[in-house]
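A.B. asks:
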Amino acid sequence: MVGHGNGLGASSIHLGTAKLTDKIMLRTARQELNKTRLGTFVLPGFATLKDMDMAISEGVDVFQVASHCTEATVTKQYIEYAKKKGKEVYGVLMMSHMVDSEILMEQAILMQDYGVQGVLFMDSAGALLPQNVSERVYAIKSVDIKVGHHPHNNLGLAVANALIAVEAGATMLDGTTCGLGAGAGNLPLEVIVPLLHKLGYKTGINEDALFECADYIRSEFPLPKVDPISIVSGLSGVFSGFKPLVLKASKEYGASSYDIFRELGRQKTVAGQEDMVIEIAKELSKT
Amino acid sequence: MKSEIHCAVIGSGKIALDLLVKLKKSPYLKPILVAGQRKESEGLAFAHKLGVPTSDKSIEAILKTDARIIFDCTTASSHLKHAPLLKDRFLIDLTPAKVLPICVPTIKSASQIKGKGVNLGTCTVQAVLPKLIGIKHLSYVEVVTTIASDSAGMGTRENISEYLETTAKIIKDFTGARAKAILIINPTIQAMHNTIYYQTKGLDKVKIIQFEMQGKGDYLDKRFGNLDTMTISAILVAENYAKNYNLRLNA
């Protein structure tokens, strides 16, 4: 998967501007790929079908089309469009801790009707406990849909939750090398891949090549950490990507970053509502 | 001489009914027909209760009336069929068809409302343009609109891409600035919420305008400020048209 954290067309003042355009990122990645398929993320509300056209002309093979965990119907147009263009499509249900597994299953069925090859549930806030993960996998799997999980490490559970998901029958995992990503980071691939091999699962991934990649990333990028602010984000059930904005607003308005996260959680904000951070920080600074 | 101008509504969905309640309150407008497609629809029953004549013959019934102003509350594809038949009326299109010129009545003087009719663009356009129109030298505008899940019907949900493109294009056309639209759908929010980020020429600094819009609660839930802003604008266009029309008749 290549692109801005919130997918095609998401580079914005609102969420943060990417250093490169979607087009340059996809083109650069495409040139390096031989056997591996190129994927990108699409969030209706940010991306348009024109963005998808651009991605297709840059050689994207796989789309993940996502929505908030109760709003799968917004993905219909985008999933059907990708299917029509002959692409592989997966559905993603974000903030999956906000609903129970039965609702998640109903939303997954909608995506299946639109034509996806599988559905991933995203623990966008890093809020799920292992038992929450397994019950979600069982629910989606029960209606004969290929299931995947996208963990975040806010509570230090990304690897554990990924293993639980696989043991419960998930066949897809989203992760990044060194867990590079929002909040306390994503599922670190260099940890989960050898673990899966040790448990007898096949991934087709070369461990040493992955380790080499991990060493490079460790030397070049600041790595995500399970720090208190990420833990509060996970406990409050708030989208991990809000962290940099919360820290900035906390400084600017003199409100506690923990309290901002707790209030965002109380108001049940969803992914993409980054603008609420400023409002809440202002409000809290008055008290 | 003050007279009420005759109006008719095509469609009997939530927006049509909210519009109807507002029409009943207007001193300039008189709803003489609501035309839907199903005789037993709840919408037509509601209109009947309000004392407004109804029909299940849709556009055919509208054509038989002397209504001067027609509100189209159906779908973009239906509107394309209705528009050519209604050339001698003033048409206010609440669908995303975009055939007629876009109008934001809160920033347009009443005398500018003329021609064959108007399209209202999108709820974001109606909500944010009044805030932007006074700002000079805009170079970039980014609007994030958050709406309540149950205010977004399948029509909206299956056309998110068009919604984003149309909104950005209209903002660009009206302000001259590069524009981006973002739409978030939230199952728990209590009002339409808008955040406008903007920059002016030669300056990197980003300024922010944030505001909530609750609806009036005429027929639609108060949380649906996004739909209410459309019906308010539709009424405003119609009242301005009616005032001009009366002036012309009295001249």
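Chains as they are written, first to last, in my numbering: chain Y, 1 to 287; chain B, 1001 to 1251. Note that beta-carbon positions come from the ideal geometry of N, C-alpha and C, so glycine has one too.
What separation, rounded to the nearest whole angstrom, lies between the Cα atoms of Lys268 of chain Y and Ile1160 of chain B?
C.D. replies: For this step, residue 268 of chain Y is matched to residue 268 along the first sequence. For this step, residue 1160 of chain B is matched to residue 160 along the second sequence. Whole-angstrom Cα-Cα distance: 23 Å.
A.B. asks: For Ala72 of chain Y, which residues of its own chain have a beta-carbon under 6 Å away from its beta-carbon, when the five flanking residues on both sides are left out?
C.D. replies: Start at 1 with the first residue of the first sequence, and residue 72 of chain Y comes out as number 72. So the qualifying residues of the chain are Gln107, Leu110, Met111.
A.B. asks: Taking the continuous beta strand (DSSP E) assigned at Pro1031 of chain B, which residues delimit it?
C.D. replies: The sequence position of residue 1031 of chain B within the second sequence is 31, counting from 1. 1029–1035 is the span of the beta strand (DSSP E), which, as asked, contains Pro1031 of chain B.
A.B. asks: Evaluate Val1093 of chain B with the Cβ neighbour count: other Cβ atoms within 10 Å of its Cβ, from every protein chain shown; 16 or more gives buried, anything less gives exposed.
C.D. replies: Along the second sequence, one-based indexing puts residue 1093 of chain B at 93. The question names Val, yet the displayed sequence has Asp at residue 1093 of chain B. By the neighbour-count rule (16 or more Cβ atoms within 10 Å), Asp1093 of chain B is buried.
A.B. asks: Can you grab the Cα-Cα spacing for the pair Val74 of chain Y / His68 of chain Y, in whole Å?
C.D. replies: As a first step, residue 74 of chain Y is located in the first sequence; it is residue number 74 there, counting from the start. As a first step, residue 68 of chain Y is located in the first sequence; it is residue number 68 there, counting from the start. About 9 Å.
A.B. asks: Taking Ala1045 of chain B as part of the beta strand (DSSP E), name the residues at either end of that continuous run.
C.D. replies: Your numbering for residue 1045 of chain B matches position 45 in the second sequence. Element bounds for Ala1045 of chain B: not the beta strand (DSSP E) but the alpha helix (DSSP H), 1042–1049.
A.B. asks: Mind pulling the alpha helix (DSSP H) runs of 4 or more residues that sit fully within the region 140–176 of chain Y?
C.D. replies: The qualifying runs are 158–168.
A.B. asks: I believe Leu8 of chain Y touches Thr28 of chain Y by the beta-carbon criterion, under 8 Å. Please report the beta-carbon distance rounded to the nearest angstrom.
C.D. replies: Translated into the one-based positions of the first sequence, residue 8 of chain Y becomes position 8. Translated into the one-based positions of the first sequence, residue 28 of chain Y becomes position 28. Not quite, the Cβ-Cβ distance comes to about 15 Å (not below 8 Å), so this is no contact.
A.B. asks: Since Leu1138 of chain B contacts Leu1129 of chain B with CB under 8 Å, what's their CB separation in whole angstroms?
C.D. replies: Against the second sequence, residue 1138 of chain B aligns to sequence position 138. Against the second sequence, residue 1129 of chain B aligns to sequence position 129. No, Leu1138 of chain B and Leu1129 of chain B are not in contact; Cβ-Cβ is about 11 Å, not under 8 Å.
A.B. asks: Rounded to the nearest angstrom, what separates Ala1179 of chain B and Val1009 of chain B at their Cα positions?
C.D. replies: Locating residue 1179 of chain B in the second sequence gives position 179, where the first residue counts as 1. Locating residue 1009 of chain B in the second sequence gives position 9, where the first residue counts as 1. Looking at the two C-alpha atoms, the distance is approximately 33 Å.
A.B. asks: Return the Cβ separation of Ala1177 of chain B and Tyr1140 of chain B in integer angstroms, given the expectation that the two are a contact with Cβ distance under 8 Å.
C.D. replies: Your numbering for residue 1177 of chain B matches position 177 in the second sequence. Your numbering for residue 1140 of chain B matches position 140 in the second sequence. The Cβ separation is near 6 Å, so the contact holds.
A.B. asks: Among the candidates Y:Leu199, Y:Glu167, Y:Gly254, Y:Asp113, whose CA atom is the shortest distance from the CA of Val143 of chain Y?
C.D. replies: In the first sequence, counting from the first residue as 1, residue 143 of chain Y sits at position 143. The shortest Cα separation from Val143 of chain Y among Y:Leu199, Y:Glu167, Y:Gly254, Y:Asp113 belongs to Y:Asp113.
A.B. asks: Determine the burial state of Thr21 of chain Y: buried for a count of at least 16 other Cβ atoms within 10 Å of its Cβ, exposed for fewer.
C.D. replies: Taking the first residue of the first sequence as position 1, residue 21 of chain Y is located at position 21. With fewer than 16 other Cβ atoms within 10 Å, it is exposed.
A.B. asks: So with Cβ pairs under 8 Å, would you call Gly237 of chain Y a contact of chain B?
C.D. replies: Numbered from 1 along the first sequence, position 237 holds the residue referred to as residue 237 of chain Y. Not an interface residue.
A.B. asks: In angstroms, rounded to a whole number, what distance separates the CA positions of Met1001 of chain B and Tyr253 of chain Y?
C.D. replies: For the purposes of this step, residue 1001 of chain B is identified with residue 1 of the second sequence, where counting begins at 1. For the purposes of this step, residue 253 of chain Y is identified with residue 253 of the first sequence, where counting begins at 1. Low per-residue confidence applies at Met1001 of chain B: pLDDT is 45, beneath 50, and the placement is therefore not dependable, though the value from the model is reported in the following sentence. Rounded to whole angstroms, Met1001 of chain B to Tyr253 of chain Y spans 57 Å at the Cα level.
A.B. asks: So what's Asp1280 of chain B in DSSP terms, helix, strand or just coil?
C.D. replies: Past the edges of chain B, shown from 1001 to 1251, lies residue 1280 of chain B, and the structure says nothing about it.
A.B. asks: Against chain B, with Cβ distances strictly below 8 Å, would Leu48 of chain Y count as a contact?
C.D. replies: The residue labelled residue 48 of chain Y in the question sits at position 48 within the first sequence. A small correction: the amino acid at residue 48 of chain Y is Thr; Leu does not occupy that position in the sequence shown. Yes - at least one Cβ of chain B is within 8 Å of the one on Thr48 of chain Y.
A.B. asks: Classify Val1118 of chain B as buried or exposed, calling it buried when 16 or more other Cβ atoms lie within 10 Å of its own Cβ.
C.D. replies: Numbered from its first residue, the second sequence carries residue 1118 of chain B at position 118. The residue is buried, with at least 16 neighbouring Cβ atoms inside 10 Å.
A.B. asks: Determine, for Thr70 of chain Y, whether the minimum Cβ-Cβ distance to residues of chain B falls below 8 Å.
C.D. replies: To locate residue 70 of chain Y, count along the first sequence from 1; it is residue 70. Yes - at least one Cβ of chain B is within 8 Å of the one on Thr70 of chain Y.
A.B. asks: Looking at the unbroken beta strand (DSSP E) that takes in Val92 of chain Y, where does it start and where does it end?
C.D. replies: As a position in the first sequence, residue 92 of chain Y is number 92, starting the count at 1. From DSSP, the beta strand (DSSP E) with Val92 of chain Y extends over 88–94.
A.B. asks: So what does DSSP say about His68 of chain Y, is it helix, strand or coil?
C.D. replies: Here residue 68 of chain Y refers to the residue found at position 68 of the first sequence. The answer is strand: DSSP assigns His68 of chain Y an E or B state.
A.B. asks: Relative to the C-alpha of Lys225 of chain Y, which residue among Y:Ala182, Y:Gly3, Y:Thr17 is closest?
C.D. replies: Indexing the first sequence from 1 puts residue 225 of chain Y at position 225. With distances taken between Cα atoms, Lys225 of chain Y lies closest to Y:Ala182.
A.B. asks: Compare the beta carbon distance of Leu1019 of chain B and Phe1071 of chain B with 8 Å and say whether it is the shorter of the two.
C.D. replies: Indexing the second sequence from 1 puts residue 1019 of chain B at position 19. Indexing the second sequence from 1 puts residue 1071 of chain B at position 71. Contact flag set, yes.
A.B. asks: Are the beta-carbon atoms belonging to Ala1016 of chain B and Leu1120 of chain B less than 8 Å from one another?
C.D. replies: Position 16 of the second sequence, counted from the start, is the residue given in the question as residue 1016 of chain B. Position 120 of the second sequence, counted from the start, is the residue given in the question as residue 1120 of chain B. In this structure, Leu1120 of chain B does not lie closer than 8 Å to Ala1016 of chain B by Cβ.
A.B. asks: Three-state secondary structure (DSSP) at Asp1072 of chain B?
C.D. replies: Here residue 1072 of chain B refers to the residue found at position 72 of the second sequence. The answer is strand: DSSP assigns Asp1072 of chain B an E or B state.
A.B. asks: Consider the Cβ of Thr21 of chain Y: report whether some Cβ of chain B lies at a distance smaller than 8 Å.
C.D. replies: As a first step, residue 21 of chain Y is located in the first sequence; it is residue number 21 there, counting from the start. With 8 Å as the cut-off, Thr21 of chain Y does not count as an interface residue toward chain B.
A.B. asks: Between which two residues does the beta strand (DSSP E) holding Ile1184 of chain B run?
C.D. replies: Taking the first residue of the second sequence as 1, we reach residue 1184 of chain B at position 184. Where Ile1184 of chain B is concerned, the enclosing beta strand (DSSP E) stretches over 1178–1186.
A.B. asks: From Arg1223 of chain B to Glu279 of chain Y, what does the alpha carbon distance come to, in whole angstroms?
C.D. replies: Against the second sequence, residue 1223 of chain B aligns to sequence position 223. Against the first sequence, residue 279 of chain Y aligns to sequence position 279. Approximately 19 Å between the Cα atoms of the pair.
A.B. asks: Under 8 Å Cβ to Cβ from Leu157 of chain Y, same chain only, skipping five residues before and after it: list those, please.
C.D. replies: Residue 157 of chain Y sits at position 157 when you count from the first residue of the first sequence. The residues are Gly126, Leu128, Leu129, Pro130, Pro151.
A.B. asks: DSSP three-state call for Thr1166 of chain B: helix, strand or coil?
C.D. replies: The residue labelled residue 1166 of chain B in the question sits at position 166 within the second sequence. Thr1166 of chain B falls in the helix class under three-state DSSP.
A.B. asks: Is Asn1186 of chain B buried or exposed, if buried means 16 or more other CB atoms sit within 10 Å of its CB?
C.D. replies: As a working note, residue 1186 of chain B is residue 186 in the second sequence. Classification for Asn1186 of chain B: buried.
A.B. asks: When the Cα atoms are used, what is the spatial distance from His1193 of chain B to Tyr201 of chain Y?
C.D. replies: As a working mapping, residue 1193 of chain B is identified with position 193 in the second sequence. As a working mapping, residue 201 of chain Y is identified with position 201 in the first sequence. Those two C-alpha atoms are separated by around 47 Å.
A.B. asks: Considering Phe292 of chain Y, what are the terminal residues of the alpha helix (DSSP H) in which it resides?
C.D. replies: This structure cannot settle anything about residue 292 of chain Y, because the visible part of chain Y is limited to 1 through 287.
A.B. asks: At a cut of 8 Å, does the region 1035–1042 of chain B reach the region 1230–1249 of chain B through at least three beta carbon pairs?
C.D. replies: Contact fails: fewer than three Cβ-Cβ distances are below 8 Å.
A.B. asks: Going by the beta-carbon positions, is the gap between Ile1113 of chain B and Leu1085 of chain B smaller than 8 Å?
C.D. replies: Start at 1 with the first residue of the second sequence, and residue 1113 of chain B comes out as number 113. Start at 1 with the first residue of the second sequence, and residue 1085 of chain B comes out as number 85. No, Cβ-Cβ distance for Ile1113 of chain B and Leu1085 of chain B is not below 8 Å.
A.B. asks: Going by C-alpha distance, which of Y:Val42, Y:Ser11, Y:Val2 is nearest Thr36 of chain Y?
C.D. replies: By one-based count along the first sequence, residue 36 of chain Y stands at place 36. The shortest C-alpha separation from Thr36 of chain Y is found at Y:Val2.
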